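Student: So in the working numbering, spot 132 of the sequence shown is number 1033, and the numbers just go up one at a time.
The beta-carbon is built from N, C-alpha and C at its ideal position, and this holds for glycine as well.
From a predicted model like this one, the values you see are computed outputs, not experimental measurements.
This is the structure I have questions about; it appears just below.
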Amino acid sequence: MLGSSNKFDPNTDIPDLSGKVFVVTGGSAGIGYGISAHILQHNCQKLYLLGKKQHHLDEAAEGLKHHMQVNVFAQHHLAMTLLPKLIATPDSRLCLQSSDLHRAAPSDIKFADLEEINQDIGPTYLYNRTKLAQVLLVRALYRRKQQGQLGMQPGKGPWINATHPGGVRTDQQEQAIDAYGTLGKVGVAVIRPFMKDPIDQGCRPILFAATSDTIKEENIDGSYIVPDCKVTEASSQALDEDLQEKLWALTEKILKGKLGSGAGQ
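What follows is the structure in structure tokens.
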């Protein structure tokens, strides 16, 4: 999808956001910065940016691989913390930034225990695994909504979706250089001219999911949204309900172990 366009233009298609409050993780750079910048241009009531400096993340890791800690466990904890407020807020949204790289996650992932999570499978697979995990958790939470669990009701907010930004320039390319040296540098040099600007283009699918009236009107929920505002099917691995439940259980177990019995749902 490197060459795909996006028909949702946040400059003109984001509705007036007066009275709405947004929480954005990683909003100081890249796609997160683009999300924040566009939201601020459309009269939101408040915008909260959440993040930590790298050395703080390293200090807080406590035995967890950085990728899973930041992109999965912390995201889940934040979502569960905000869930009561989201349920009480009409037309609320919960959006996770995944990627089509979830399709390239290792096929033998089980999410069985912390030992598996901390195995060194290389930076590329580590990243791809987190993107798979984000879709898995979206689907698991959506299923609970459809079953009327956690205080949620079908057909009401929060509208829960995962998105794919398209081929954009991100820090992931720099990680490829660090991991693979000259080979990675050559590969990045070849594909980078075809990559989209994360601030102008990469933020569009998630802004569509977070702001567009179409989400509620067409009941786009528990879905995987790609550029051009298309709902497409995630990988068969991401749709595996057994894997979704294993990740959910492991995530809650880890959060409760690190944060106490009040963490998780």
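Secondary structure at Q1020, three-state DSSP: helix, strand or coil?
Tutor: The residue given as residue 1020 occupies position 119 in the sequence shown. Coil, per DSSP.
Student: The alpha helix (DSSP H) that contains Q998, what's its start and end?
Tutor: Within the sequence shown, the letter at position 97 stands for residue 998. First-last for Q998: 994-998, but that is the beta strand (DSSP E), not the alpha helix (DSSP H).
Student: Can you look up F1012 in the DSSP assignment and give me helix, strand or coil?
Tutor: Stepping through the sequence shown from its first residue, residue 1012 is reached at position 111. In the structure shown, F1012 sits in coil (DSSP, three-state: anything other than H, G, I, E or B).
Student: Can you tell me whether DSSP reads A1170 as helix, strand or coil?
Tutor: Because residue 1170 is not part of the residues shown, which for the chain are 902 to 1166, the question remains open.
Student: Between L951 and A1034, which are expected to be in contact by the criterion C-beta below 8 angstroms, what is the C-beta distance as a whole number of angstroms?
Tutor: Here the question's residue 951 lines up with position 50 in the sequence shown. Here the question's residue 1034 lines up with position 133 in the sequence shown. In fact, because the Cβ distance is near 19 angstroms, the residues do not count as touching under 8 angstroms.
Student: Can you tell which of L948, N1019, P985, G933 has the C-alpha that lies nearest to the C-alpha of S999?
Tutor: By one-based count along the sequence shown, residue 999 stands at place 98. The candidate whose alpha carbon is nearest that of S999 is G933.
Student: Span of the alpha helix (DSSP H) holding K1147?
Tutor: As a working note, residue 1147 is residue 246 in the sequence shown. Run containing K1147: 1142-1160, per the alpha helix (DSSP H) assignment.
Student: Kindly indicate the opening and closing residues of the beta strand (DSSP E) around I1126.
Tutor: Mapped onto the sequence shown, residue 1126 falls at position 225. Taken as a continuous stretch (DSSP letters only), the beta strand (DSSP E) holding I1126 covers 1124-1127.
Student: Report all residues from its chain with a CB closer than 8 angstroms to the CB of D992; omit the five preceding and five following residues, and keep chain order.
Tutor: Counting from one through the sequence shown, the residue named residue 992 turns up at place 91. Same-chain partners within the cutoff: G1058, W1060, K1117.
Student: Could you tell me the distance, in whole angstroms, from the CA atom of K1086 to the CA atom of A1005?
Tutor: Numbered from 1 along the sequence shown, position 185 holds the residue referred to as residue 1086. Numbered from 1 along the sequence shown, position 104 holds the residue referred to as residue 1005. The predicted model places K1086 with a pLDDT of 44, which falls under 50 and marks its position as unreliable, so this point remains unresolved.
Student: First and last residue of the alpha helix (DSSP H) that includes L918?
Tutor: Position 17 of the sequence shown, counted from the start, is the residue given in the question as residue 918. Neither: L918 is in no alpha helix (DSSP H) and is coded neither H nor E.
Student: Which residue comes first and which comes last in the beta strand (DSSP E) that contains L1002?
Tutor: Start at 1 with the first residue of the sequence shown, and residue 1002 comes out as number 101. No beta strand (DSSP E) contains L1002, which DSSP labels as neither H nor E.
Student: Which residue from V924, Y1026, G931 puts its Cα closest to that of Y949?
Tutor: In the sequence shown, counting from the first residue as 1, residue 949 sits at position 48. Taking only the C-alpha atoms, the option nearest Y949 is V924.
Student: Pick out whichever of L1051, A1150, V1132 has its Cα sitting closest to the Cα of Y989.
Tutor: Taking the sequence shown and counting its residues from 1, the one referred to as residue 989 is at position 88. Here the sequence assigns Ala to residue 989, which means Tyr is not the residue at that position. A989 has its Cα closest to that of L1051, out of L1051, A1150, V1132.
Student: For L1160, collect the residues of the same chain with a Cβ closer than 8 angstroms to its Cβ; drop the 5 residues on either side in sequence, then sort them by chain order.
Tutor: Here the question's residue 1160 lines up with position 259 in the sequence shown. H978, listed in sequence order.
Student: Give me the Cα-Cα distance between D1021 and D1009, rounded to the nearest whole angstrom.
Tutor: Here the question's residue 1021 lines up with position 120 in the sequence shown. Here the question's residue 1009 lines up with position 108 in the sequence shown. Each residue's Cα considered, the two are about 14 angstroms apart.
Student: With H, G and I counted as helix, E and B as strand and the rest as coil, what does DSSP make of K986?
Tutor: Your numbering for residue 986 matches position 85 in the sequence shown. Helix.
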